[in-house]
Amino acid sequence: MKIQVLGCSSAELPNANLPGFLVDGKILLDAGTIGTVLTESQQWKISHVLITHAHLDHVKDLPFFADNISMNRKRHQVTIMSIPEVNGALKKNLLNDILWPDFTKIPTPDDPILKLQNIQPGVSFTLDGYRIIGYEVRHTVPAVGYLIEDKNGKRLLYAGDAGPDNTIWEFIPGKLDGIIVEVSLPNRFQERALETGHLTPKLLQKELKRMKDLPDMIFITHCKPGYREKIQEELQSLHMGSITMLTDGARFEL
Ligand SMILES: [Zn+2]
Ligand SMILES: [Zn+2]
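Residues 11 to 264 (this note's numbering) are what the sequence shown spells out, left to right.
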């Protein structure tokens, strides 16, 4: 499984892109960054977008992505998958013919550019040879994390914005090959992290203690750009195994 980090920041600045992780060039996890990184032909290879939650930093580029696809001469349809609360929020607040044209009806309601498909938390589905499960996570809005298993049995968990006191860590059976997990703020902002459903290094440590086996690789996403170095320093001092701070543009393979 090859992962390309389109963005892994929780704020948008020059050299800091919002979350988007491309799996094997065709399945996108969150849509904070698409068009500023991928060429048109790379965008047209994306068949499915799995959205963790409706916060704008995770869906911002969906409207422009749909517009780019509409300019493609070949017919292409992209399936947006998430829990009903998230798909409902996208339809009501983003693709609503006010903020942006409703690409779930363009060019026709029967054969639109974007197809919204609901998933059920905890129920696995297969998609192009991958086995995927969405797990509910605790944040400030309805949210899920995704466990993706490829044909070779490699398993990645992308937890999205999973704040403190999540049970997702206990549900996953067996040892994972990798997880992408958020740490938004340094330890001194613990109170703010608790209020906003995010993690600090210490809160992450508490979460990961719930796992029976630590994954082989732990990738950190969603840092506030100004606190990246402090977060890295604090994570190192916790000695939690193989932790990598993701960077925009990074690629890794499980
Ligand atoms: Zn969020
Ligand atoms: Zn976020």
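Yeah, the Cβ is synthetic: ideal placement off N, Cα and C, and Gly gets one too.
Notebook entry, point to check: Can you tell me whether residue 183 is buried or exposed, with buried defined as 16 or more other CB within 10 angstroms of its CB?
Noted result: Residue burial annotation: residue 183 is exposed, with fewer than 16 other C-beta atoms found within 10 angstroms of its C-beta.
Notebook entry, point to check: Any heavy atom of ligand 1 closer than 8 Å to the Cβ of residue 151?
Noted result: Under cutoff, so the answer is yes.
Notebook entry, point to check: For residue 97, which option in 108, 65, 119 has the closest C-alpha, if you only look at C-alpha atoms?
Noted result: Selected option, being the one with the closest Cα: 65.
Check: What's the call for residue 162, buried or exposed, on a 16-neighbour Cβ count within 10 Å?
Finding: Residue 162 should be labelled exposed.
Item checked: Test item, CB below 6 Å from any non-hydrogen atom of ligand 2 -> Applying a distance threshold of 6 Å between residue Cβ atoms and the heavy atoms of ligand 2 selects 20, 65, 67, 68, 171, 232, given in chain order.
Next item on the list: Compute the Euclidean distance between the alpha carbons of residue 52 and residue 116, then round it to the nearest angstrom.
Entry: Taking C-alpha positions only, residue 52 is separated from residue 116 by approximately 21 Å.
Checklist line | Counted within 10 angstroms of its Cβ, other Cβ atoms place residue 247 as buried (16 or more) or exposed | finding: Note on residue 247: under 16 other CB atoms within 10 angstroms of its CB, so exposed under the neighbour-count rule.
Next item on the list: Give me the Cα-Cα distance between residue 154 and residue 37, rounded to the nearest whole angstrom.
Entry: The straight-line gap from Cα to Cα measures roughly 16 Å.
Note to self: Looking at residue 45: is its Cβ nearer than 9 Å to the Cβ of residue 71?
What the structure shows: Result yes, Cβ atoms of residue 45 and residue 71 sit closer than 9 Å.
Item checked: Span of the beta strand (DSSP E), counted from its first residue to its last, around residue 144 -> Here the beta strand (DSSP E) through residue 144 covers 140-147.
Margin query: Quick check on this structure: which residue in 219, 241, 216, 229 has the alpha carbon closest to the alpha carbon of residue 198?
Written below: Just measuring C-alpha positions, the residue of 219, 241, 216, 229 sitting nearest residue 198 is 241.
Margin query: For a quick check, are the C-beta atoms of residue 91 and residue 129 less than 9 Å apart?
Written below: Cβ atoms of residue 91 and residue 129: closer than 9 Å.
Check: Among 231, 104, 134, 224, which one has its Cα closest to the Cα of residue 251?
Finding: Answer by Cα proximity: 224.
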